[in-house]
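S.K.:
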């Protein structure tokens, strides 16, 4: 019981952080008062004009293995986060990206192959903090909102963990049990 309450409190904190972050830190306001981010992080989303002519047209094939073991293959634009790829391609991955890339949850947790993991950009302290809340954490775990598609990722396969830490699901179960 205590473990359930602890998990529920952690998840509620994640949801709260997501709400606060999305209200306080809009990309256009991040430097308004001379305080870049004020300790909050967000995922910079590349616009098509930022990608340049080669990035906007080139596609990178990425494979996701979902919780059911199904392989979902998509073509992604270079520069997109893996979270954006899942959302834009409307992939059937339940609960993925609850905080919409504001680095306030761990629902976009992905597991990479060793070789691919070593090639990824360095992990930040904020991402490590969120990964501490993830179920099924491995040595090659990263958050999809923090990993951006690059040309070398052609044919990359990532695994979605079997379990998910998502407050929305737990609150729905709790609501249904009260009825």
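Numbering (the working numbering), first residue to last: 2 to 180. The C-beta atom is built at its ideal place from N, Cα and C for all residues, glycine as well.
Determine the extent of the beta strand (DSSP E) in which residue 77 is found, giving its start and end residues.
M.R.: 72 to 78
S.K.: Output the distance between the C-alpha atoms of residue 76 and residue 62, rounded to the nearest integer angstrom.
M.R.: Distance between the alpha carbons of residue 76 and residue 62 is about 4 Å.
S.K.: Looking at C-alpha atoms only, which residue of 81, 107 and 148 is the closest neighbour of residue 130?
M.R.: Checking every option, the nearest Cα to that of residue 130 belongs to 107.
S.K.: Does DSSP put residue 107 in a helix, a strand or coil?
M.R.: coil
S.K.: Is DSSP giving residue 68 helix, strand or coil here?
M.R.: DSSP places residue 68 in coil when its eight states are reduced to three.
S.K.: Under the assumption that residue 161 contacts residue 121 (Cβ atoms under 8 Å), give the Cβ distance between them as a whole number of angstroms.
M.R.: So it is not a contact: roughly 17 Å between Cβ atoms.
S.K.: Could you tell me the alpha carbon to alpha carbon distance between residue 60 and residue 79, rounded to whole angstroms?
M.R.: 7 Å
S.K.: Express the C-alpha separation of residue 151 and residue 126 in angstroms, rounding to a whole number.
M.R.: Rounded to the nearest angstrom, the two C-alpha atoms are 22 Å apart.
S.K.: Shortest alpha-carbon distance to residue 68 belongs to which of 93, 74 and 116?
M.R.: Taking only the C-alpha atoms, the option nearest residue 68 is 93.
S.K.: Once the 5 residues before and after residue 146 are set aside, which same chain residues still bring their CB inside 6 Å of it?
M.R.: 44, 82, 84, 102 and 109
S.K.: What is the DSSP secondary structure of residue 145, reduced to helix, strand or coil?
M.R.: helix
S.K.: Determine, using beta carbons only, whether residue 114 and residue 139 come nearer to each other than 8 Å.
M.R.: Against a cut-off of 8 Å, the Cβ pair of residue 139 and residue 114 comes out as no contact.
S.K.: Could you give the DSSP three-state label for residue 113: helix, strand or coil?
M.R.: Note: residue 113 maps to strand in three-state DSSP.
S.K.: Is it true that the CB of residue 144 sits closer than 8 Å to the CB of residue 164?
M.R.: Using a Cβ distance threshold of 8 Å, residue 164 and residue 144 do not count as a contacting pair.
S.K.: Tell me where the beta strand (DSSP E) around residue 157 begins and ends.
M.R.: 157 to 160
S.K.: Measure the alpha-carbon distance for residue 99 versus residue 105 and round it to whole angstroms.
M.R.: 9 Å
S.K.: Three-state secondary structure (DSSP) at residue 88?
M.R.: The DSSP-derived three-state label of residue 88 is helix.
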